Structure formats: structure tokens, C-alpha cells
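What follows is a set of notes on a single structure, which appears directly below.
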Ligand SMILES: NC(=O)c1ccc[n+]([C@@H]2O[C@H](COP(=O)([O-])OP(=O)(O)OC[C@H]3O[C@@H](n4cnc5c(N)ncnc54)[C@H](OP(=O)(O)O)[C@@H]3O)[C@@H](O)[C@H]2O)c1
């Protein structure tokens, strides 16, 4: 089968012929239609985080996908050949086939194309778990989402607003109209003014998808007893104690049940995916270059939305 892989840290993505994966009894072999690019793919491949997130070289990136079940292991009963699915895998989805566990996939919403479906699993589940599992956000509360127009942020805005929260998002001005259209009550341009100087009220939950100084300054706007959930770096326990709040860095725990719940919202049109551009798998190296340069395929500045790799042409 064809797969895009890196042979060494810092190396180019190359489209190679590789052996088909061998299926175990508790696994499913999926024929991949699309996969999506996450910044973490590029970071891991660069080698800059090899001490904490090492990869086995040669490495096939890609943690999320959409596709059709090609073969089921002898112990798998829930799926049959041909089923349209989407989900996560740690086996490398920049490939024509990927091995997955039934515990991390769900039925693909029929309303979504395979390209749209591939863009969902990581961002939407991270947003859900960040808001509800870790942030314990409730109806009527106020949430501040840093990086609201990003892949995770755009689901967080939609899910929090649908759950009855007042949603304040930090983002670039160019994404303001988009954020209002998906449920943000207020958008603060992070280039313009420090959010802690602009906000008049304190918030119940901060979802920090940015880190660094943004996280540090977030303590100033969090109510006593509030929750700070971070996706990019650990949260200082000195700061949480000093401000009488709770805070932690979350790590996505993908689950079939969680993804199924999200699939139902997508199927109903309650939330929607956001695909910025689609590249063919053989152009994956160019997709990575464009992401690193923060430009779209046309060369203009990249705005919100996820980058998807089309692996196989869609079938009805
Ligand atoms: N811990 C986990 O389990 C987990 C899971 C998923 C993702 N993550 C991590 O979470 C982070 C966000 O992921 P993502 O996929 O949503 O990234 P993304 O799609 O690249 O979005 C990042 C967003 O942050 C905005 N931004 C940059 N600097 C900002 C600032 N100072 N203030 C406010 N917004 C700012 C960017 O806007 P502009 O482009 O306009 O600057 C962009 O819209 C990444 O670091 C990712 O690796 C962690």
C-alpha cells in the first residue's frame, strides 16, 4: 500500500510503498478515504519533542481518519466490511489502510463527506472533554476560550454555546465574524489588547488552547473556584493555589461513545465541521510546508479550519 512517512527526524514526508498491516483479532482494518493534519504531526516529526514524544522511525503520521471497514478481526462483532466509519488510531493514517481499535471509532455521519468526517475526531473530542469532563462547565456559566477559531476552539465554541454558556473567545480579528456565526457571544482580538484588561467580568472556565503567557494571564480573569483547562502545557499548581481555582493539562482520551455522541450532533446539524483545504496524500509534504508557513494552497494567509489529506477518491 502507499503511505506518506518520514524516514528520519527533520526529514521530508515521502510517499512510499509499504507492507499492508497485519490485523489482530481485536482490530479492524480500515480503507482510509481521508485523514487530517494536526500540528503535533509536524512537531513530532521534527524531533524537537523526541524526549517526551518519541516516534518509531520510519514513521507514518496521522491520528485521525475516515474510511470504510475493509476487514474485521475475529473478535470484533460490531462492524462489517463496507461500514463507513471515522475515528482515531495511533497506527498512522497517512496511508491507504490503517489498523484501528473498535473502542476509538464511530459510524461516520451520513451528512458529512469523508473529508469533513476526517477533520472531526481529535478536535471535537478534545473540545468536549476540555469543556465538560475537565472544565465541568454548566449551563448559564461563562467560558473563555483561547484560540477560539482553531480546530479545537471552533468545536469548543459550538459545544459550549449549545450547552447554554456565554462564550468569550480570543482570536484574530479576521475570524471574528466566523466565531459569532458559530455561537461566540464576544470575540477579543488577541493582537489588539490584553484580554484581561478588556474583560469586565470574571469567568467560570478557561479553555486554554494557546499556553505560555496567555495561560499565565488567565488566572486574573478566573472566578474563585473556577477551572482552567490547558491543552498545550501543564498548569502551575502555585498559581492555582494562589488564585483558589483548579487547573490541569488535559490529554485527549478518545472513545467510541464520545465520538458517537459528537456524530449525532453533526448528523443533526447542531454543530458543523470546518475544513480549510484538502490536499491529495501525494501532496502531504506540500501541506506540511504550507502549514509551517501559515499559508493556504493559494499562498494567502491561512485562516480557520482544518487541513485534510484525501487518500482515496470518495465513493457513494
Ligand atoms: N492535550 C491534548 O490532548 C490536545 C489535543 C488536541 C490539541 N492539542 C493542542 O492544542 C492546541 C490547539 O490545537 P488546534 O488544533 O485547535 O490548533 P490550531 O487549529 O492551530 O488553532 C490554534 C489557534 O490559536 C490561535 N492563536 C494563536 N495565538 C493566540 C493567542 N495568543 N491568543 C489567542 N489565540 C491565539 C490561532 O489564531 P491565528 O492563526 O489567527 O493566530 C489559531 O486559530 C495545539 O497546541 C494542539 O497541539 C492538545
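In this note's numbering, the protein residues as written are 6 to 321. Using N, Cα and C, we set each Cβ at its ideal position, and we do this for glycine too. From a predicted model like this one, the values you see are computed outputs, not experimental measurements.
Got a sec, what are the start and stop residues for the beta strand (DSSP E) residue i sits in?
| i | result |
| --- | --- |
| residue 8 | 7-11 |
| residue 209 | 208-213 |
| residue 194 | 191-194 |
| residue 69 | 69-77 |
| residue 287 | Looking at the DSSP string, residue 287 is not in any beta strand (DSSP E), and its letter there is neither H nor E. |
| residue 91 | 89-93 |
| residue 145 | No beta strand (DSSP E) contains residue 145, which DSSP labels as neither H nor E. |
| residue 131 | Element bounds for residue 131: not the beta strand (DSSP E) but the alpha helix (DSSP H), 126-133. |
| residue 228 | 227-235 |
| residue 176 | 171-176 |
| residue 202 | Run containing residue 202: none in the beta strand (DSSP E); it sits in the alpha helix (DSSP H), 200-203. |
| residue 41 | 33-41 |
| residue 103 | 102-105 |
| residue 299 | Run containing residue 299: none; DSSP gives neither H nor E here. |
| residue 22 | 18-22 |
At what residues does the alpha helix (DSSP H) containing residue i begin and finish?
| i | result |
| --- | --- |
| residue 331 | Lying outside 6 to 321, the shown extent of the chain, residue 331 is not represented and no answer is given. |
| residue 247 | 242-248 |
| residue 184 | 181-186 |
| residue 266 | 261-272 |
| residue 218 | 218-223 |
| residue 157 | 156-167 |
| residue 111 | Here residue 111 belongs to no alpha helix (DSSP H); instead the beta strand (DSSP E) covers 110-112. |
| residue 317 | Counting along the chain, residue 317 falls outside any alpha helix (DSSP H), and DSSP gives it neither H nor E. |
| residue 258 | Where residue 258 is concerned, there is no enclosing alpha helix (DSSP H), given that its DSSP letter is neither H nor E. |
| residue 119 | 119-123 |
Less than 6 Å between C-beta atoms, sequence neighbours within five positions excluded: which residues of the same chain meet that for residue i?
| i | result |
| --- | --- |
| residue 321 | Reliability fails at residue 321, whose pLDDT of 42 lies under 50, so the model's placement of it is uncertain and no value is given. |
| residue 124 | 41, 278, 280, 311, 313 |
| residue 152 | 158, 214, 215 |
| residue 58 | 49 |
| residue 19 | none |
| residue 191 | 173 |
| residue 195 | 175 |
| residue 219 | 151 |
| residue 234 | 135, 139, 140, 212, 255 |
| residue 60 | 49 |
| residue 317 | 38 |
| residue 201 | 222, 225, 226 |
| residue 71 | 38, 39, 91, 113, 119, 122, 123 |
| residue 322 | In the structure as shown, the chain begins at 6 and stops at 321. Residue 322 is therefore absent and cannot be evaluated. |
Can we count residue i as close to ligand 1, meaning its CB is less than 7 Å from some heavy atom?
| i | result |
| --- | --- |
| residue 60 | no |
| residue 195 | yes |
| residue 73 | no |
| residue 56 | no |
| residue 93 | no |
| residue 155 | yes |
| residue 158 | yes |
| residue 252 | no |
| residue 45 | yes |
| residue 256 | yes |
| residue 312 | no |
| residue 148 | no |
| residue 192 | no |
| residue 210 | no |
| residue 295 | no |
| residue 263 | no |
| residue 138 | no |
| residue 186 | no |
| residue 31 | no |
| residue 214 | yes |
If I measure Cβ to Cβ from residue i and keep anything under 7 Å in the same chain, skipping five residues before and after, which residues do I get?
| i | result |
| --- | --- |
| residue 323 | In the structure displayed, the chain extends from 6 to 321; residue 323 sits before or after that span and is not available. |
| residue 74 | 33, 35, 84, 85, 86, 87, 88, 90 |
| residue 282 | 301, 302, 312 |
| residue 239 | 254 |
| residue 228 | 207, 208, 209 |
| residue 305 | none |
| residue 270 | 276 |
| residue 187 | 159, 162, 163 |
| residue 183 | 154, 309 |
Considering only residues of the same chain and omitting the five flanking positions on each side of residue i, which have a CB-CB separation below 8 Å?
| i | result |
| --- | --- |
| residue 134 | 255, 257, 258, 263 |
| residue 261 | 92, 107, 108, 109, 110, 111 |
| residue 43 | 68, 69, 127, 156 |
| residue 81 | 30, 31, 32, 33, 107 |
| residue 79 | 30 |
Against chain C, with Cβ distances strictly below 8 Å, would residue i count as a contact?
| i | result |
| --- | --- |
| residue 46 | Included in the structure is just one protein chain, with no chain C present. |
I believe residue i touches residue j by the beta-carbon criterion, under 8 Å. Please report the beta-carbon distance rounded to the nearest angstrom.
| i | j | result |
| --- | --- | --- |
| residue 140 | residue 248 | With 8 Å as the limit, residue 140 and residue 248 do not qualify as a contact, their Cβ atoms being about 16 Å apart. |
| residue 315 | residue 39 | 5 Å |
| residue 63 | residue 105 | The Cβ separation is near 20 Å, so there is no contact. |
Q: Take every Cβ of the segment 280-299, pair it with every Cβ of the segment 261-269, and state whether three or more of those distances are shorter than 8 Å.
A: no
Q. Counting pairs of Cβ atoms below 8 Å between the segment 121-140 and the segment 157-168, do you hit three or more?
A. yes
Q) Can at least three beta-carbon pairs, one atom from the segment 110-125 and one from the segment 134-146, be found at a separation below 8 Å? A) no
(Q) Between the segment 47-67 and the segment 7-17, can you find at least three pairs of beta-carbon atoms closer than 8 Å? (A) yes
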